[in-house]
Each structure stands twice: as structure tokens, then as C-alpha cells.
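Residue numbers (UniProt numbering): 1 to 324. Note that the Cβ used here is the ideal one computed from N, Cα and C, for glycine as well. Note that the structure is predicted; figures quoted are calculated from it, not measured.
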Amino acid sequence: MRHNISDCHHEEDIMSSTEVILVGVDGSTESLAAVKWAADRGARTGARIHCLCTYALASYSAAALDGGYAVLDDEALKAGAEQVVEEAKALARERGATHVSGSTEPGDPAGVLIDFSAEVDMIVVGSRGGGGFADRLLGTVSSALPAHSKCPVVVVPRHTSGKKFTPVERVVVGIDGTDQPSCALKRAIGEARLWDARLTAVSAVPIAVGPSVMTWTPTGVDHSALLAQVREGMDAAIAAALDGDDMHVSRHALDGSAASLLIEFSTAVDLVVVGTRGRGGLAGVLLGSTSQTVLGHSTCPIMIVPSAHLGDAGTAVHTEWERR
């Protein structure tokens, strides 16, 4: 039976402003990297780190039983998932997280995470896994979690030699060049403040035309004027998002495809932030056919912010998980 967070508060939880970070774990090295990232962030904010492992209910036919085939019963599957959760919780505590909890849930990983996304502030998963979260993120339904999650989703890649994911010192956010501040931009500003990191805003303008180039720019457009217009829109959006704050935000309108720019920037920064909606460009790239390529080749964590998300980093906008 699925845990219902809204039905399991203690009195002290109701008054708590602690944000909740849900980490999908499956025992793989990559999912443990997600635990480390979430715990390091939680150590800075006091967030609750909740480790969740899903498991598939055993299914077998009478013929299989008559044939003497060994099967794993539901209790054995649940016990294995509980062991994974305990190991993840121990790792989170080792990384300095002070509020750590965990649970197991039967069902499909992406579906379970989507169900819980309305009740937590952030979901963190690894980019590869043992047949669980990774297969859903990078497989045939790669857009499911980023597209339908009600909260930001962070996808942590496998570690590359010599590169650390935390502390986050450089953040890049993809925006679409319009004058309206996006939820991704607002979230990126919050993350940069939280980590005391440098922030760069980038808008992809795929001007080059060729058989392998997908572009939304019509032929005959003055490209210099287009770039200038995009930069003006970026300036207006950033000013509106900062709302008088003197935080410095570098900004660049660059010729190139969204996916290639995103992958390139991931080699030089510690966190890439994008939205799930936008006029081409970096925003929205994770929902298209390039999502598997981008998530599979990124060398730093990517945060995907849903278009309806209005909470700043470090601000709890959902109910708190039961202390399990």
C-alpha cells in the first residue's frame, strides 16, 4: 500500500519548514552518487533526505509453480529493497545530512516518483541504475519523470575521474531568450545563492542552416538582430528574476543546438538547470528526442524544473515526510 504523506504528520512536523529531498535508490553505484549529492545539499539547508527504493511485485503462473521454478516472494523482494534503503540512509548520514529517513514502495520506479513529486521539494536520481530509475529515465519512457514531475528533478551522472559534483561552484541555466523570467531561471538563482556559486545564463540560438540542423529561425532573418533581440530578452528576464538583488549573472546568447551546448557546458560547470517548457533552445530539450543523448552524456548533474514550479531553492513548498 502506498504511503500517503499528507496523512502521516506528527504535530511538530506541521510547523516545520524543512524541505524534503526524495532520492531514488536501487543499490547501484550511480544511485549512491545521487545520495551523496542530495546529502551534501541537504547538509547546507537542513533538508530531510528521504531514500526510496521500489520493487516489483512477484508474478508467476500456476504452471511455473508446478514446474518447480524458484520464485522470489513479495516479502523477499521487499526485504532486499529495505536493505538498499538502509545502506543509502547510512551514506547520507556519513555525508552530514542530519534528517534522514527512508521507505520502500511496490511499483514502477518512474510512476512511484511521479506520484510522490507533489509531496516533496526535489527528486534526485542517478543516471544509470540496476534496471530501475535509469532505465526509466534513459529508456523508452525517458521523458516520463521530467515531463510529469511536480517538483525539480536532479539527474546525477556517474563520476568521471577527478571531477567532484559538490560543492557546486558554477551553475549554468538554459533560458529561451524571452523577457519573461522562467521557473528554471528563478530556481537557478536560488541554487547559486544556496551554494554561493557563480551563475551563467545561456540561450541557444541555432542559426546555422544545414541538413543536420534543426532550427526555429526562419530564412532571411537578420541573425545579428536576432541575437541582439535574444540578449535584450535575457537581460529583461534576469532583471525581473533578480528583483533588485545585486547578484551578478553572466549571460550569453550562443549559436548552436540545445543538446550540444548543454553537453558542452556540463564539462565545465557543476550544475546545469533547464526547464520543461520553452521556445526551442535549452528549455524543453529534455522532453524531446535528444533526452537520452543529453542525460547519457552529461558530465555534471542536471536539474530539470517543471514550468509550474515557483518555489526558490531552500524553500519548502510541500508537506514533510513522516519520520520513519
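Under a Cβ-count criterion, where at least 16 other Cβ atoms within 10 Å of its own Cβ denotes burial, should residue i be classed as buried or exposed?
| i | result |
| --- | --- |
| L57 | exposed |
| E94 | exposed |
| E191 | buried |
| E119 | buried |
| P301 | buried |
| S266 | buried |
| P206 | buried |
| residue 359 | Outside the shown range of the chain, which is 1 to 324, sits residue 359, and nothing can be said about it. |
| G42 | buried |
| D121 | buried |
| D176 | buried |
| D196 | exposed |
| P167 | exposed |
Mapping DSSP to helix, strand and coil, what is residue i?
| i | result |
| --- | --- |
| C183 | helix |
| G80 | helix |
| V20 | strand |
| T178 | coil |
| L91 | helix |
| T267 | coil |
| S250 | strand |
| T45 | helix |
| G306 | Checking the sequence, you will find Pro at residue 306 rather than Gly. Three-state result, P306: coil. |
| L262 | helix |
| E191 | helix |
| E75 | helix |
| G275 | strand |
| residue 395 | Residue 395 falls outside the range modelled here, since the chain spans only 1 to 324, and no answer is possible. |
| G126 | strand |
| L52 | strand |
| A201 | strand |
| R158 | coil |
| V100 | strand |
| V153 | strand |
| V120 | coil |
| V25 | coil |
Less than 9 Å between the C-beta atoms of residue i and residue j, yes or no?
| i | j | result |
| --- | --- | --- |
| E264 | S127 | no |
| S149 | I304 | yes |
| V183 | S103 | For the sequence presented, residue 183 should be read as Cys rather than Val. Taking 9 Å as the Cβ cut-off, C183 and S103 do not qualify as a contacting pair. |
| G174 | L262 | yes |
| V124 | T54 | no |
Less than 8 Å separating the Cβ of residue i from some heavy atom of the ligand HEM?
| i | result |
| --- | --- |
| D176 | Although the ligand HEM was asked about, the structure shown includes no ligands whatsoever. |
Among the options, which residue has its Cα nearest to the Cα of residue i?
| i | options | result |
| --- | --- | --- |
| A253 | V35, A241, S224 and V272 | S224 |
| V155 | T18, G27 and A33 | A33 |
| residue 325 | I175, V171 and L77 | As shown, the chain starts at 1 and ends at 324. That puts residue 325 outside it, with no answer to give. |
| E232 | M247, A201 and P206 | A201 |
| L145 | K164, R158 and S117 | S117 |
| D246 | T166, I189, R158 and R48 | I189 |
| T45 | V272, V35 and E19 | E19 |
| S101 | A259, I238, E82 and G107 | E82 |
| A39 | A237, D196, V230 and A92 | A92 |
| A228 | G244, R251 and V153 | R251 |
| S260 | D243, L295, F165 and E86 | L295 |
Assuming residue i contacts residue j (C-beta within less than 8 Å), just tell me the rounded distance between them.
| i | j | result |
| --- | --- | --- |
| E169 | R198 | 7 Å |
| P109 | G24 | 6 Å |
| M234 | S203 | 6 Å |
| G275 | S307 | 6 Å |
| T178 | A241 | Actually they do not touch by this definition, with Cβ atoms about 12 Å apart. |
| A90 | I49 | Rounded, the Cβ-Cβ distance is 12 Å, inconsistent with contact. |
If we cut at 9 Å on Cβ distances, does residue i have a partner in chain D?
| i | result |
| --- | --- |
| C51 | No chain D appears in this structure, which consists of one protein chain only. |
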